[in-house]
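Structure first, commentary second.
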Amino acid sequence: MLFNNIIVAYDGSENALVAARKAREIAEMDPSIKVHITYVTTHPNAQLPANFSNESFDPQQYMLSVDDIIALYNKTIEEETKTVKDGIGDTFAGIEDQVSIDVVPGYTPAADILAHAKKVNADLIVMGSRGLGAIRGVLGSVSYAVLRESPIPVLVVK
Numbered sequence: 133m134l135f136n137n138i139i140v141a142y143d144g145s146e147n148a149l150v151a152a153r154k155a156r157e158i159a160e161m162d163p164s165i166k167v168h169i170t171y172v173t174t175h176p177n178a179q180l181p182a183n184f185s186n187e188s189f190d191p192q193q194y195m196l197s198v199d200d201i202i203a204l205y206n207k208t209i210e211e212e213t214k215t216v217k218d219g220i221g222d223t224f225a226g227i228e229d230q231v232s233i234d235v236v237p238g239y240t241p242a243a244d245i246l247a248h249a250k251k252v253n254a255d256l257i258v259m260g261s262r263g264l265g266a267i268r269g270v271l272g273s274v275s276y277a278v279l280r281e282s283p284i285p286v287l288v289v290k
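Per this note's numbering, numbering through the sequence shown is continuous, rising by one, with the last residue being 290.
Laid out in structure tokens, this is it:
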């Protein structure tokens, strides 16, 4: 088969769902193809209370232990994974064993998608397009950056 490991860049948008459907079409061709639904989330490294102010701030009150940070991280990953599962719904019904949901902590979606693609040895990235302005009128900024920087093929669907 031409592709073995496919990354679907997923952000919860309708365009990302269209990309997931296209990846499913490809994955249905061969049961050995793996699909990695990849969602980039912000790492929860700072949690401030809603009523935070300089006058009332006591750093000791808000310090987290390493265990608390790990628990917060794991909880966030679990919640984000559930959100992605809910978002893709039954898109991969019948081929679930070929699919993983990979929630990737990061701050720059394009770079994080490319790093994850390298980590899982992906040979194709499938993503949706988005129109936001000039060159982005055809491609979203993340799609454009991935397309420009990727060493592997990128399929942009709309």
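Here a beta-carbon is modelled for each residue, glycine too, at the ideal position from N, C-alpha and C. If you're wondering where the values come from, they're calculated on a predicted model, not measured in any experiment.
query, result
"Can you confirm whether residue 276, when its beta carbon is compared against all beta carbons of chain B, has any partner nearer than 8 Å?", "Here there is only one protein chain, and chain B is not present."
"So what does residue 166 bridge to, in DSSP terms?", "137"
"Going straight from the alpha carbon of residue 243 to that of residue 285, what length do you get?", "15 Å"
"Report the CB separation of residue 220 from residue 169 in whole angstroms; it is logged as a contact under 8 Å.", "6 Å"
"I'd like to know if the region 145–159 and the region 223–236 are in contact, where contact means that at least 3 CB-CB pairs between them fall below 8 Å.", "yes"
"Going by DSSP in three states, residue 273 sits in which element: helix, strand or coil?", "helix"
"Does the beta-carbon of residue 195 have 16 or more other beta-carbons within 10 angstroms, so that it is buried, or is it exposed?", "exposed"
"Taking C-beta to C-beta, are residue 289 and residue 150 nearer than 8 Å?", "yes"
"For residue 261, count neighbouring Cβ atoms within 10 angstroms of its own Cβ and tell me buried if that reaches 16, exposed if not.", "buried"
"Taking only three categories from DSSP, how would you classify residue 283?", "coil"
"Could you tell me which residues DSSP puts in a beta bridge with residue 226?", "DSSP lists no partner for residue 226."
"Between the alpha carbons of residue 224 and residue 143, how many angstroms are there, rounded?", "17 Å"
"Using a Cβ-Cβ cutoff of less than 7 Å, which residues in the same chain neighbour residue 217 once the five nearest sequence positions on both sides are dropped?", "233"
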